[in-house]
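Reviewing the structure listed below.
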Amino acid sequence: MSQTATKPIPVPDEISAPFFDGAREGRLMLQHCTACNAWSFPVRERCPHCFAAKLEWRQASGHGSLYTFTIMHQVMNPGFASAVPYNVAQIDLEEGVRMVSNVIGIANDALRVGMRLEVSFEDVGENVRIPKFRPVVG
Amino acid sequence: MPNQPKGAIVGIGVTPMGKIYGRRSVDFAAEAIALALDDAGLTKNDIDGLLINANIPGDMDVRSQMVLGFENLTLVNVMSAYGSTAGSMMQYACMAIREGLANTIVLVYADAPLTPSRGAGQSYAGPHRFPLGGMTGLRAAYGDFGANPAYAMAARRHMHLYGTTEDHFGIIAVGQRKWAQLSPWAQMKTPMTMEDHHNSRWIAEPLRLLDCCLVSNGAVAVIVTSAERARDLKQPPVNVLGYAQCAPGDNLRTDRHPAVETGAKRSGEIAFRMAGITRDDIGTCQLYDCYTYTVLVTLEDYGFCAKGEGGPFVADGKLAPGGALPTNTGGGQLSGFYMWAFTPLSEAVVQARGQGGARQVARNDYVLVSGNGGILNYHSTLILSRHASG
Ligand SMILES: [Zn+2]
């Protein structure tokens with residue numbers, strides 16, 4: 001294990017560029033189908049509900065709740081060697097999609113299934129930010 | 001003619017398993033096939049079909065036929081639905097035989113991900129496996145690698161909804177270790193207590209090391225032919241009475257709840273109906289056990305207990321030796337060996353034949369086998385029996 005290993009930094013590809021562009025500007029961008037009105041995630045070319053190639057990017061509310069989570073102890077990638085134990089969570093967004101992310105701003109042992117969360121963007125590399133989630137205060 | 005067998009299993013071959021280094025997957029496959037042919041009393045020339053279970057490294061491709069030296073096959077394919085594939089392969093083999101496309105078909109799974117410098121934890125999820133583009137890179141940035149996090153999250157959700165505990169997972173691991181001690185094929189023989197389970201290190205909470213399957217180098221081969229031809233062969237035939245799949249779909253939607261219902265439910269219902277039997281007829285279960293949690297949720301979805309009651313159901317040790325529902329009697333993938341659904345399938349054949357020796361169950365009329373792939377994304381069910389009908 002290299003001590004200089006860093007966490008993986010995602011590289012936007014053509015189809016996911018609007019997602020990462022939005023994140024850089026602090027907006028959670030998701031795909032919305034103009035044919036059937038459904039949201040979808042992860043990023044793809046066509047609506048998984050109706051097959052229409054009419055997905056447009058819209059800003060999502062960024063509000064959701066903690067569906068479930070795990071605390072990772074096993075180091076599966078050297079970039080996370082100093083990060084364990086860290087949480088990986090599934091967040092149910094109001095739009096009806098379930099995102100995998102991390103919950104920040106809270107101790108791992110304070111995480112509770114069902115708690116309300118809101119999106120918060122974190123710098124992970126030069127000009128790269130990704131959506132994470134933090135507890136809604138109050 | 002109700003409930004005619006779909007086909008019959010007439011040979012199985014299981015190589016030595018575990019940290020056996022310096023051999024390619026296809027070499028393990030060759031050894032397993034030779035063992036299966038010997039078990040069946042057949043020769044290589046009797047084989048006219050070859051179905052290969054694609055493995056994660058991808059080194060068991062269709063060209064394996066040439067390395068193995070099979071000639072003039074009338075059926076060949078590589079199949080993949082991850083850990084549920086053995087059930088799909090059995091369906092394809094039986095249908096092909098009944099359709100006259102081939103007479104005697106080898107099904108094989110082989111894998112050799114372990115090297116002296118790459119242990120179980122890294123073997124399926126090392127950094128080399130994680131390209132950084134787009135959504136894949138996003139997952140990696142969150143530290144979401146391999147299958148452990150998603151299964152842990154399904155298990156957590158189950159605990160949240162139904163009060164399932166670490167003890168419920170532990171009793172499954174402890175019971176299967178007892179079975180493993182009775183199986184000559186099993187990798188893990190050291191006794192395990194509940195304390196051992198609870199003291200084993202976290203992998204992905206709520207899953208500990210002893211909740212997770214092994215990783216094995218090795219191979220399993222299974223030979224399938226028609227029920228008619230099977231009667232004249234060396235081993236007592238094991239008839240395939242029911243088979244089904246269910247692939248529920250993407251779990252990244254808020255209307256999907258993999259802790260509440262997996263593909264086992266629909267797949268099980270179809271297979272039982274096809275076999276003309278009910279759960280009460282099942283004497284032993286051989287269930288896909290990538291994690292202890294998988295066993296628990298599969299038992300629920302097959303209807304052995306009500307939804308959510310899997311924990312209390314297993315708590316009395318009924319899956320262990322001497323229990324009311326002997327399950328994963330070779331130690332499963334937790335303590336036996338990890339060959340995807342070829343682990344439960346091979347053990348089911350042993351039990352259905354009555355060749356389990358010290359681990360043979362008394363009620364072996366009907367054996368239930370499950371396969372599970374992805375993150376509870378693909379499910380297959382087989383019902384096997386020495387009887388020709390349900
Ligand atoms: Zn649509």
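Protein sequence lines correspond, in order, to chains A and B. Here the numbering used here is used: the first residue of the first sequence is 1, the next is one more, and so on. Here the numbering used here is used: the first residue of the second sequence is 1, the next is one more, and so on. Idealized CB from N, CA, C, for every residue including glycine. Predicted model only: the values in this text are computed from it and were never measured.
- Chain A places a beta carbon closer than 8 Å to that of Thr254 (chain B), counting this residue as a contact.
- Counting only the Cα atoms, Leu296 (chain B) lies some 11 Å from Ala173 (chain B).
- One residue list follows from the rule of a beta carbon closer than 6 Å to any heavy atom of ligand 1, given in chain order as A:Cys33, A:Ala35, A:Cys36, A:Ala38, A:Cys47, A:His49, A:Cys50 and A:Ala52.
- The beta-carbon of Ser120 (chain A) is placed no less than 8 Å from the nearest beta-carbon of chain B.
- Near chain B, meaning a CB-to-CB distance below 7 Å, the residues of the stretch 89-116 of chain A are Gln90, Asp92, Gly96, Val97, Arg98, Val100, Ser101, Asn102 and Val113.
- About 17 Å separates the CB atoms of Thr68 (chain A) and Arg208 (chain B); that is not less than 8 Å, and the two are not in contact.
- Listed by position along chain B, the residues whose Cβ is nearer than 9 Å to that of Val11 (chain A) are Pro131, Leu132, Gly133, Gly134 and Gly137.
- Bounds of any beta strand (DSSP E) do not take in Asp316 (chain B), whose DSSP letter is neither H nor E.
- Around the beta carbon of Lys44 (chain B), a 10 Å sphere encloses fewer than 16 other beta carbons of the protein chains shown; the residue is thus reported as exposed.
- Here Val75 (chain A) carries a coil assignment [DSSP, helix/strand/coil].
- Here the alpha carbon of Thr165 (chain B) sits roughly 10 Å from the alpha carbon of Tyr293 (chain B).
- Within chain B, no C-beta atom comes nearer than 7 Å to that of His63 (chain A); the closest sits roughly 13 Å away.
- Under the Cβ distance rule, His73 (chain A) counts among the residues neighbouring chain B, one pair being separated by less than 8 Å.
- Interface residue (Cβ-Cβ distance to chain B less than 8 Å): Pro42 (chain A) is classified as such.
- Contacts with chain A (Cβ-Cβ distance below 8 Å) from the stretch 157-171 of chain B involve Arg157 and His160, listed in chain order.
- Taking a C-beta distance under 8 Å as the contact criterion, Val78 (chain B) and Ala54 (chain B) qualify as a contact pair.
- If you draw a 10 Å sphere on the C-beta of Asp61 (chain B), you find fewer than 16 other C-beta atoms in it, and that means exposed.
- Cβ-Cβ separation between Ala86 (chain B) and Leu107 (chain B): approximately 7 Å, consistent with a contact (criterion under 8 Å).
- Neighbours of Ser16 (chain A) across chain B, judged by C-beta separation under 7 Å: Gly134 and Met135.
- Taking a 10 Å sphere around the C-beta of Tyr338 (chain B), we find 16 or more other C-beta atoms and assign the residue as buried.
- Contacts with chain B (Cβ-Cβ distance below 9 Å) from the stretch 47-62 of chain A involve Pro48, listed in chain order.
- Taking 8 Å as the cut-off, the beta carbon of Gln245 (chain B) is found no closer than this to the beta carbon of Ser80 (chain B).
- Using a C-beta cut-off of 8 Å, the stretch 282-291 of chain B makes contact with the stretch 202-220 of chain B, since at least three inter-stretch Cβ pairs fall below that distance.
- The secondary-structure analysis by DSSP pairs Phe69 (chain A) across a beta bridge with A:Ala89.
- Remark: C-beta atoms of Gln91 (chain B) and Tyr302 (chain B) do not approach each other more closely than 8 Å.
- Put simply, the backbone Cα of Pro237 (chain B) is about 11 Å away from that of Val350 (chain B).
- Scanning A:Ser61, A:Ala81 and A:Lys132 for the CA closest to the CA of Ile106 (chain A) turns up A:Lys132.
- Just so you know, the alpha carbons of Gly268 (chain B) and Pro184 (chain B) end up roughly 30 Å apart.
- Residues Gly137 of the same chain have their beta carbon placed closer than 8 Å to that of Pro131 (chain B), with the five preceding and five following residues left out of the count.
- Each of B:Ser346, B:Ala324 and B:Ala34 was checked against the Cα of Gln333 (chain B), and the nearest Cα belongs to B:Ser346.
- The C-beta separation of Ala23 (chain A) from Arg129 (chain A) comes to about 5 Å, placing the pair in contact by the 8 Å criterion.
- Annotated three-state conformation of Gly134 (chain B) is helix, per DSSP.
- For Tyr293 (chain B), no Cβ of chain A is located within less than 8 Å of the residue's own Cβ.
- Membership of Gln176 (chain B) in any beta strand (DSSP E) is not indicated; the residue belongs instead to the alpha helix (DSSP H) covering Glu166 to Ala180.
- Of the candidates B:Ala32, B:Tyr151 and B:Gly41, the residue whose Cα lies closest to the Cα of Gly374 (chain B) is B:Tyr151.
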